Each structure stands twice: as structure tokens, then as C-alpha cells.
Amino acid sequence: MLLTITTTREPATDLGFLLHKHPDRVQRFTQSYGTAHVFYPEAVPERCTAALLLEVDPQELLRTRKPGSGAADFSLAQYVNDRPYAASSLFAVALGDVFRTALRGRSQARPDLAAQPLPLRLSLPAVPCRGGPDQARRLFEPLGWAVDAKPVALDPGLPDWGDSRYIGLTLTGEVRVADALSHLYVLLPVLDGTKHYWVGPDEIDKLLRAGESWLPGHPERTWITRRYLARRGRLVRTAISRLSELDDLSAADPADSADTAAVATEPGEEEPPPVESAAAGQGGADAGAGAGTGGEAGEYEPSLAARRAGAVLSVLKAEGARSVLDLGCGSGKLLERLLADPAFERIAGADVSAATLEHALRRLRHDRLPERDQRRLEVFTASALYGDPRFRGYDAAVLMEVIEHIDPPRLPAAAQVVFGDTAPRTVVVTTPNAEYNARYEWLPEDSFRHTDHRFEWTRAEFRAWAEGVAAAYGYRVRYLPVGPEDPHCGASTQMGVFTR
Amino acid sequence: MSAFDPTDPAAPPAADPGPGPADARAAGPGDSGGTGADSGGRVLSVPEMGLVVLIGVSGSGKSTFAARHFRPTQVVSSDFCRGLVSDDENDQSATGDAFELLHHIVGTRLRRGLLTVVDATNVQQRARAELVRIAKKHDVIATAIVLDVSESVARERNASRPDRDFGRHVIPRQHRELRRGVGKLNKEGFRRVHVLDGPAEIDSATVALERGWSDKRHLTGPFDIVGDVHGCRAELEELLSSLGYAIARDDQGRAVGAHHPEGRTAVFVGDLVDRGPDTPGVLRLVMGMVGADDALCVAGNHEDKLVRALKGRKAQARHGLAETLEQLGAESEEFRARVRAFCDGLLSHYVLDEGRLVVAHAGLKEEYHGRASGRVRSFALYGETTGETDEFGLPVRLPWAREYRGSAAVVYGHVPTPEPEWINNTICLDTGCVFGGRLTALRYPERELTAVAARRVHYEPVRPFPASGGGDGERSGASGDGRGAALIGIGDVLPDGPVGRIQTGFGTVSVPRENALAALEVMSRFAVDPRWLLYLPPTMPPAPTAADPGVLERPDEAFGSYLDQGIGRVICQEKHMGSRAVAVVCRDSAAAERRFVPGAEGAVFTRTGRAFFPDPQVEAAVLAELRAGITAAGLWERFGTDWIAFDGEMLPWSAKAEGLIREQYASVGAAARAALPAARQVLEAAAERGLDVADLAERTERRDRDIEAFSAVYRGYAWPTDGAAGLRYAPFQVLAAEGREFSAEDHLWHMGVAESLAEHCPMVLVTRHRTVDTTDPEATAAAAAWWRDLVAEGGEGMVVKPVGGPRATGARGLAQPGLKVRGPEYLRIIYGPDYLAPDRLATLRDRRLGRKRRMALNEHRLGLEALARHASGEPLWRVHQPVFGVLALESEAVDPRL
């Protein structure tokens, strides 16, 4: 809610010309969600400070919010939130509006001053920054700022609860005023992580325009872009490739493609490493949100998902399956591969999330598929825990990276539904091999590849389960390694092929 | 009336006249009725559920006949269908489509068990064959009624109708076709054929609807249903005696009948014969009972085989048939004839007690109840198998019981099982007496099992008994702890159409499909095993917005709301600020295994059905404390149970909601505490410079004060816990125990149980409460003061409930189970730290409660229904349905601040 900008370059009151705000006036700017005030707590030739104070009207905030946008993890967050107090994305919008001309580096009265770096000190008492002081330093230091970032205690009444996600941030350095403002304009929403309004394509233009002069060279460029665009996969890819061009890189730059894949990954799939908690997308009201790792993309195999789908496909063909049920089809990556192969005459995708299925249909461009393919493919909402006659009549069922999302006490029910009631000739099950996790440096010890995983099994654990199921329901089972293999840990993914 | 293209060139040449109408007339047993007293005409018996095909040339009077004897909706005519698809009843080009429609309507009606009459010429065998096929497909009997008029009569009638202008050759050809087919109608698959000869007989005939043979709905028992006897006469006599039957004996001392002094009826599930030591003795007793209306008996597969053997047909003398034949060999020829007639006359199944009970030897799926066809009989006698065999060479049976969703209880035998167990309202009573197990009877409607032990192993089973059970006919090994959960099918929770309807004791509750889809995801991904979920609590609306403009909620409106409904006595309960928790506490793992989930001793779950404690050890520790308290308080004995389920609040709030408090509430406080003082500082400096920031400074100061009040709220609901240590549980409703649920008890009773538990269990927290007479202003004022004290000391507020308990009703039926009245300070964490600012409050007071109240009431209906179903031992899917419904309704978007 508060930013102070201080300069000591004499005459310091020239700051007023650069900001286009008179030091002796108190100015009000009506925003759609409240009122921004600009005034100068000090204005003497040696030292001048401008303050931007934003008063947020929670009622207005609600009115401007479109349904379906914003953080869905806690609906009361619409009514009780930090927007009135923290230097959030909302604040950045006010900044961009109030100091629009200054942001462009224009000053008719002091054009030279606007073009040159000045000794500046920017102070923000409450900046949401989950990554802590280090994160702030990583973002602002490359831009020439000395960063003083202090964590804010969570609550003096709950002393054991540690620090909050806010930092008090003071930046000092010799920077052009326009650049200083654009740094905040772009990076405050990045630190905040939650955009207050829906991200549309014009957001890319805003971002690129504001960060034109410094973003392409910033070492955290891709992370910034992704955060700014609130993880909107498709948009991010466009933005990243356009940024790469600005940076004279080809869009297929390997360093970037890794990140592209990261963003395109759906919740419900485990790799690559979650850049931050994916729990928000899981729709749980009282889900314990895992803390973001904030880490950079480490070593992982970008084509693992594709290799897994390929391996499943090969097995299905080897088993002579002509009709396939993909249980837990997610965004439809396997469905896509199955559709592409005319050997599969009937394909069904089932998922427990109606939203995910809609996404899958969009991804597959279902409405534009040739009629023949539309007839081959059927998609429906279903659960592996509820007996379902629609599952019947397929040669093979696939549970690709599904069982690890089921609570262990409910696995027997899933087995009963798939192997007992549905009982196709072939069942293909893939699941992460926990032993291989040691090879993923980005993965903290004793943690799973995805926050929604309820377990990850060693090869022995998977076999124990598979043998039990096979014996109970009259299947034979064989095991195949999928993905990169390690002599000690085995393959990244383990696959069981059940036949009867 | 012209059914087929009259210009059809495929009309075959005239055939021989074939058997005359008289032969056909003799075919149906219905004709024995002779003539009706009123009309003096013939009485045609027609099954009340089945297909009637009228056969006659154009102009023979079929439509008139149909209209006279059947309801308009029962008659489907080809002309009508032709009109529907072409706007012209005589458009012959539409005939194909018209019949497709006709067949569809016929099929749909038959599937729904409705008597259906087809009004078309049906003179061609091809046309009839399709109708017979449809009747068979729905396992109903097809009856043919032939209206035979002379060509001249038909021609005359058609001539008087201008729309019947087809060629002169049509009637003679139809007549020829009719003549050719009429004698073979039985062979075509018509079980009854009535031929009416000429207008006089047609006009005087009447139709008598006849019940299906298996339809004994008018017999309401009480019944004692006896499992597979297999020649174990001694055990049968012992069982009947223990059930209270007086056994009648002949002069040789042989049991020849048994009568129950209270008029109970025994029902035998079949397989009286084979394997055991005295098949003739069993038959003598049962035939006597059936003959004296003391018993009913359905056919088992062993009777079926025996009949074939007795008729001299080929039958392998395996599975104990040899013993039977040998034993019968020692009997008289007359006895053997009686046995043959008796077994031959046994029906596949009976539908009893107004349709609430079905008895069939190998069970029967719902579509087959009351139906008659070869495959119904085959299913009832032999069951449905996959065609595969297990490791003992026995057929693998399809798990029909697991998918059974009918409301009729199905009682059967056939598959030896160690312990009879209700599965989806079905139960197998074959406890392998002949293999050394027991002979079991089910007392109905009491649903009590009685059994006598086998005197010895009379016959060695192929598959070891009773080691491998599979009572519901599953393949061995497929059972185990997954079975119960898998008993629920998608159709039980997800409606086909846009809205599902759940019947409850307080009316029907609609659940939109999209809400059910949301619940499906949550239930699948996060909920505990559905066998624990006997209940999910409903949401609770706040009291109507206070008339006092300075607050949002206060007690007066809650009292007024109940008073308006004619509820004069309410209870005010302190509202604990924690997290809702349903606790199912089992006395031991045996109780959990029997009633819930094996390998556990209870469960604590949230209002959305998730495990309350992610760490199973903490859950176990909590359950252990509650269990010890229940034991010490003597509640096991008091309720005669080995498990109890409570609804209550688990404290502190921070135990479950630490992440939420941290992220959502304390963070807001932190940001504000960092930002507001800094803002005040710069505003002070600006003011010192003479700038006019007085208003802004004042608002900022007020925010600073509000944020402190805001933080004080959540701080009060947070205290450290370590595992189960530090947790408190405040139960406010005893939900259920074995065989009963307590929603009919009043709230003082529930509070009393909670208090006696609290005396013996340090974890349990009592709920302060007081009853209030809403018609007494002094009492309501005192209660309001009590509420003010509660909230002044940091409490969330209180809940006002009808004192009569969860089932309390008011002027508008089932009453809201509770209204919450939250304190003004507490509401800061709901409506925002500064919601009490007058301009803010004015806006916030405009809130819509109707939706929330409707949701709450519907969820309450579902919750009560779930408890009732669970208490009466209904199958899992029946309990899960309303529970799932609660979750589905909860997914509805409603103002979260209410």
C-alpha cells in the first residue's frame, strides 16, 4: 500500500518534475479498486521523498473481479486479503497508472535528468515474497540495486510461527527513475505471484513494453515471465519465444524449452519439478499447500512423459489391443497418441476431473477432429473407485501415472473396479519408481515428484502390489522399465503389464 | 389397419389350411375360464405384464377390440406410429420407420413392466417374429389374439372408410397369410393363443388379466426362508422345530408336514435334493408343507436335473444325483411320481410381500423379477457365469449381487458360503449343511438368521468348505478389503440426466449432475473409505441479518426465526471455533471389520469426508482417547454397541487450519502491521510540512486499530498441539451406534451424553448451553446477554437449535437444524478487519440467505437419510448415495461468508 521514492541529488525536489507530481500538493487518483494518493513527506533541496499510498476499497475490489479468476484455493480470500496493505500486483497497477508518464522516461521540464541515473532509494514496507530476501536479491541485484530485504514477523502474538511471506524492501542505487519504476511495475507482481485480474494476451505486450530495456538480459528472465503471466501455459510459450527473439536466441533454445515444458505441465502430472506448489490447482479446500521450492529447474528428463506414452503404446500394440480405455487420461496426451494410430479402433478417455477432461478435449481439438476420429474417441468423467459399466468392453485398460494419486487405503477398491469388475484382457499400469528419485537433484529428499502423489513405490513395493492384484484377479504380470535407467535405481518409471 | 405394404410381391402362394382354429384355441390355459357371466362371451386370459399381439386382416375390428378391452395407453397401433413419423396414417412409404418406432415403444413399455397391446394386422410371420423377439428380450410372455372375420365382412368395413382405398387383392392376401400362420402361433413363441371366430365371438369376448405365476406379492408372510437342504432331513426337522414349527408325522413316524402356530410360512430356496442322506424324507416333509400352504418352494438346479432324470432324459448322475436316485429307488412308484410332479411344477422364483421380497435359488437380478422366460429360469436356477472355471473346475460366477440395486430383498442359496452376509439387499442362505456346515434360515421381515449345525460331513465338497467363501458369488480371492468400496457404482451417485433425485424421509432432494461431478472428484481423490462415511454434516446458515444496523448478527433474529415456525423451545449452544470433525469410534478392530473397514479401529473425518488427521498415528491416538472415555463412561453398554459415531468440533482451530491461519489471516495481519505504521509515519511527516492529509491519516489510524482487533480473533483460536496432545473434541450430536441412530433424541439428551463422556475423557470438551423459551421476552433477553458474554470472552458465538433435536419439525416441515449467531469481533475474520466501519457495514448487511438456508435444509435431509439407511443396515451404496449428495450440494457456489 505504500511506496516511498527518495533522491538526494540536488535539487532533490526536481523529483517532482520526473514524477510529474508537484511536491507541495496532495494528489488523489481514483482507481477502479480504490484511491491512490501521492504526496511528499519531505521536500527540501537536499532530500526529497515522494510517497504513493494506495487505499483499497474491498468492495470495489470485488466488483472488478471477474468470476473464476484469482486464487481459487480459499474463497474467503476474496473478502479477507492483504491487498489493502501489501505492495502487491494491485499496487503495481496503481504505480503504472499514477506514474504512467514517468515510466516512459519522459520529462518535458527535466529531460536530461530523466535520462540519467540518479541516487535513489525505494522503500516498500510490505512486499509479498515467498522466496524470502534471497529471492528479492536475485531479482533486483542484477538490475543494479543494493537490496535491503528484511523478513516481516508473522504475528507478535504467535511468536513460534516464524516469519511471514512479506519482506520490508529497500532498494538503493543509481538508477534512472523510469527504470526504477519499471522494475517495480514488472517485478512486484512477479514476487506476489497472484495476479488480481485475468491474464489476457495484451498482458504480454504490457510486460514486454515495460521490461524492454532490461528484461531480456535478466538472468531470471524466464522465471519472471512465467510468474508474471500467472502460469498461463499457452501465453507463456508465446512470451518466452518472443523474449528469446529479443535476446537473439532461437525459440528452441534448450534452456528455455525446459521451462516451456514446465509451464505446460498439468497439475496431476509429476514432472518436471514443480517450480512452486501445484496444490492450488488441486481444488482442495483444506489441502495443506506445500511450500514452494522456489528452486530452478534442475536435472530431469523432458521427454519422459513422451517416452512413457510411447512405451504404453508399444505394449498395447504388442498385446494386440484394438480398443483401449485410458483411465485417468488427464489432458489426453496418451489419447492423442492412440488417435494417431489407426490400429486402435475404439479409444476411451476417462478422468475424475471434469475440468481436466474439458481441457483434454480442447487440446485434442475434439470438435475439429474428422468424424471418423470423433467416433473412435469417447471421453467421460468417471472414477476408478466407482464400478462403471462404461469401462467394459475394451481390450485393454491403461492406468498411466494414476495409482500414485489414489490414497493407499482405497487402492483395493480401484483394483476391484479395474481388475475385478472391468477385467479387460490387458491392463497397463505405470507409476514412478521411488528409487530413481535419488537421481533428481531438484527433488528434496523424502519428497514426492508431485504434491498430489500419495505414495511413490520402490520397484519391490510395486511388484508386491502387482503380484497381489494379479493373483487375486487371475492375471499374469510382467514388468518393463520406462525412461532413463540407472544401474542401481532402475528406470524412472516402472510399468506393469497385466494379462489374462 | 394395414400393417404391411399391400403390394408386397413376396406374398407366398396360398398354403394348406393347417390346423384349424379349434386346435389353437385349446393351447392356452386361460381358455379354461370358459364363458363370462355378464356377456356370455369367451373370457380371454392375458398376463397382466406382457405383450398382446392382435392378429387380423384389415377391417377385422382390431382397433375397436383394443379400445374396448384395454386402456388407450396400453395400445400401440401401427397406424398411429405411421402418423407420427409421416403426418399421414396411410402413408405406406413410412411403414419401415413406423414399425421401428412401434418396436421401440413396445420394447420400452415391456422393459418397464407394462402390459402392451400391438394393434397391427400382424398377419405375416415376419412381423410377429420381431414382436416375439422383443417380448423375449424383456422376458415377458407373448399372447396372440386372432380376430378372424370373413373376407366379405372385412371388405365391407373397409369400403365404408374412404382412407382405406388399397387394392381389392389386399384383403384376400392378408386372409391367406393369416390362415397359413394361425395354427403355428404356439410354435412361433406365443405362450397363449386365443382365436375369436367371427364378429359375434369377437364382440362378446372379454379379457381377464391374470397375475404372473411367480407374482405372490399378496403373500406378506411372515416367512422363514430356508437355505439349501440337500437331503439333510434331520437338520431340517431340527431347524423347523427351532423356528417354532410343529412337525406332523405319519404312522411310520416320518415327517409329512410342519405348521407354524403363528401362521408363518416357510420358503425353500431350492436344492432340497441330492448329496445328503435322506432326500426322500426332505421331499416328503416339504411336499407336505407346500401342499398344506405352510410353505413355498422354488426350483433349484438339483431339482431341475432330478426331473430330467426321472423323466428318463439324459442327466449325468453327478453332484449327488446318484444318491438321490438310489434313495428314491427304495420308495414307491407313487411317491416317485409325486416327486416328479412336485419338482416339475416348481417355479423359478417368487415375488413376495408387495414386491419387497424375491426368493430364487441362485438369486435374480432386478430386471428379471416377476418375469418369465427361459433365461430368467436359467438365471434363477443356475446363476450367470462367465464361462470360465476356477482352479477347482467350478464355474466362475458373475457378481450379480454386487451390482444389484433393487429395492426388493433377494434371498437365495446355491453357493455355499461360510457366513450369510447382506450384500446390496441380497443374502445367500446356503451355509453348506451337507458339507458339514450349517442349515440356515432367515426370519423375514425380522431379518434374523437362525441356523443348526450339520450332524456330520455328509458329502465331501469339490472346493474346500468353508475355507473359501465368496458369499456373493465372486470368484475366490476377489473379496477382501476392497470389496465393500467397490460395491458402489457410478450409477449410484452420478445421475444420467441433468438432475438426480434422492428420496429421503423428508422429501426428495435434487442433486444437479454438475454438482455430482464435482463431488465425484473430491470423493475419489480425497475422501476416506466410503464405508466410514455414514454421515456428512450439513452446512449451517447464520441467523437472519440483525435489525440493529450496528451489527450483522445477534440472537434475536435466530429466536424469531424459530418462533415464526412455531418452535417455542430452542437450545443455545456455545459455538466452538475449531474444525468440524465426525468421529467413528470402534471398540475394537473386530467391530471395525464387521461394520466398517478391516484393519482399523475407527476414523475421524472432516465435513467433506477427508481424513481429519493426515498422520494416521495422531488419528489412532485420538481414537484411543475417545475409546477409553467411552469405555469409562459405560456408553458401550448403555447403547448396546461396539461402535459410536459423533459429530462435533475439534479444537484448536490451528490444529487443522494452521496453514490457513498462517496464509490467510496472520499474513494479512503481518502485511498490515508492516505497512500501516510506515504509512502513518509518512503521513505525519507530510502533515508537518503543512500538507492536508488529515482524513487519510485518520483512516489509516483506524485501520491500524482494526487490524489489531482482527489479529486478536485468530490468535485466540490457535494453541500449540503435539500429536493428539493439546487437542480437544466437543461432540454435540451422537450420530449412531450399532443398529440405531439418535437423530430423534432431543438436544438435551445429546448434551447429556457428551457431558458424561467429558467426565471420563479429558480430551472431550463440554458445550455450554441453555434452553430458551422463544415466547418469553425475558428468557430471550437473558440468552442474548449470555451470548454477549460468550463473544466478549473471544468466543465465536452460539448456535440456536430446536431443542427437540435434529428431526424437529416446525410449521413448514423439517426445521433448520441450527442457526449460527456469530459475534461481531469474530466476524472480522470473515468480512474483513474493518467491516464494522459504518459505510462497509451498510453494504454488507444486504446479504441473501435464502440459498444458504435451502442448501442447509437439503443437506440436513440427506444427512438424516444417510443415518437412517445406515442404521437399518442398508447396503453401502444406499448409505453412500445421500452422503455423496451432501458433498455434491456443498460444491454449489454460495457466499462463503455466510
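In order, the protein sequences belong to chains U and Y. This note's numbering numbers the first residue of the first sequence as 1 and each following residue consecutively. This note's numbering numbers the first residue of the second sequence as 1 and each following residue consecutively. Beta carbons are placed, not taken as given, at the ideal position from N, Cα and C, and that holds for glycine. Here the structure is a predicted model, which means the values were calculated and not measured.
N- and C-terminal bounds of the alpha helix (DSSP H) containing residue i
| i | result |
| --- | --- |
| residue 695 of chain Y | 694–716 |
| residue 523 of chain Y | 513–526 |
| residue 136 of chain Y | 125–137 |
| residue 81 of chain Y | 78–86 |
| residue 182 of chain U | 177–192 |
| residue 780 of chain Y | 777–792 |
| residue 756 of chain Y | 747–760 |
| residue 503 of chain Y | It is not in any alpha helix (DSSP H) - residue 503 of chain Y instead sits in the beta strand (DSSP E) that spans 499–504. |
| residue 91 of chain U | 89–98 |
| residue 312 of chain U | 304–318 |
| residue 494 of chain Y | Per DSSP, residue 494 of chain Y belongs to no alpha helix (DSSP H) and is neither H nor E. |
| residue 241 of chain Y | 233–242 |
| residue 374 of chain Y | 374–382 |
| residue 860 of chain Y | 850–871 |
Proximal residues of chain U, C-beta to C-beta of residue i below 9 Å
| i | result |
| --- | --- |
| residue 720 of chain Y | 160 |
| residue 488 of chain Y | 385, 386, 387 and 413 |
| residue 313 of chain Y | Correct list: empty, because the minimum Cβ distance to chain U is about 35 Å. |
Option in the options with minimal Cα separation from residue i
| i | options | result |
| --- | --- | --- |
| residue 875 of chain Y | Y:575, Y:410, Y:65 and Y:240 | Y:410 |
| residue 464 of chain U | U:451, U:219 and U:479 | U:479 |
| residue 100 of chain U | U:166, U:408, U:19 and U:119 | U:19 |
| residue 55 of chain U | Y:767, Y:856 and Y:701 | Y:701 |
| residue 769 of chain Y | Y:629, Y:99, Y:266 and Y:799 | Y:799 |
| residue 292 of chain Y | Y:274, Y:271, Y:260 and Y:282 | Y:260 |
Beta carbon of residue i nearer than 7 Å to that of residue j
| i | j | result |
| --- | --- | --- |
| residue 203 of chain Y | residue 148 of chain Y | no |
| residue 511 of chain Y | residue 888 of chain Y | yes |
| residue 537 of chain Y | residue 610 of chain Y | no |
| residue 97 of chain Y | residue 63 of chain Y | no |
| residue 653 of chain Y | residue 577 of chain Y | yes |
| residue 470 of chain U | residue 477 of chain U | yes |
| residue 597 of chain Y | residue 531 of chain Y | yes |
Proximal chain Y residues relative to residue i, where beta-carbon distance stays under 8 Å
| i | result |
| --- | --- |
| residue 344 of chain U | Those do not exist, as residue 344 of chain U stays about 24 Å from chain Y at its closest Cβ, beyond 8 Å. |
| residue 2 of chain U | 675, 678, 679 and 682 |
| residue 405 of chain U | 525 |
| residue 55 of chain U | 696 and 699 |
Residues that residue i contacts on chain U, provided the C-beta gap is smaller than 8 Å
| i | result |
| --- | --- |
| residue 711 of chain Y | 155 and 157 |
| residue 829 of chain Y | 80 |
Residue range of the beta strand (DSSP E) that includes residue i
| i | result |
| --- | --- |
| residue 479 of chain U | 476–486 |
| residue 885 of chain Y | Segment 876–890 is the alpha helix (DSSP H) holding residue 885 of chain Y; no beta strand (DSSP E) there. |
| residue 802 of chain Y | 797–802 |
| residue 492 of chain U | 490–499 |
Where residue i meets chain U, residues with beta-carbon distance less than 7 Å
| i | result |
| --- | --- |
| residue 669 of chain Y | 155 |
| residue 493 of chain Y | 386 |
| residue 662 of chain Y | 154 and 161 |
Chain-ordered neighbours of residue i on chain Y, where CB pairs are closer than 7 Å
| i | result |
| --- | --- |
| residue 39 of chain U | 686, 691 and 693 |
| residue 168 of chain U | 674 |
**Q.** In chain order, each beta strand (DSSP E) run of at least 3 residues that lies wholly inside the segment 544–623 of chain Y
**A.** 569–575, 579–586 and 602–605
Every unbroken alpha helix (DSSP H) within the segment 157–203 of chain Y, with a cutoff of 4 residues, ordered by chain: 170–182 and 185–188
With a floor of 3 residues, list each beta strand (DSSP E) that falls wholly inside the segment 421–470 of chain Y, ordered by position along the chain.
426–428, 438–444 and 448–453
Start-end ranges of the beta strand (DSSP E) lying completely within the segment 344–391 of chain U, minimum 3 residues: 346–351 and 377–381
Exercise. Could you tell me which uninterrupted beta strand (DSSP E) segments, each at least 3 residues in length, are contained entirely in the segment 135–170 of chain U, listed from first to last along the chain?
Key: 146–153
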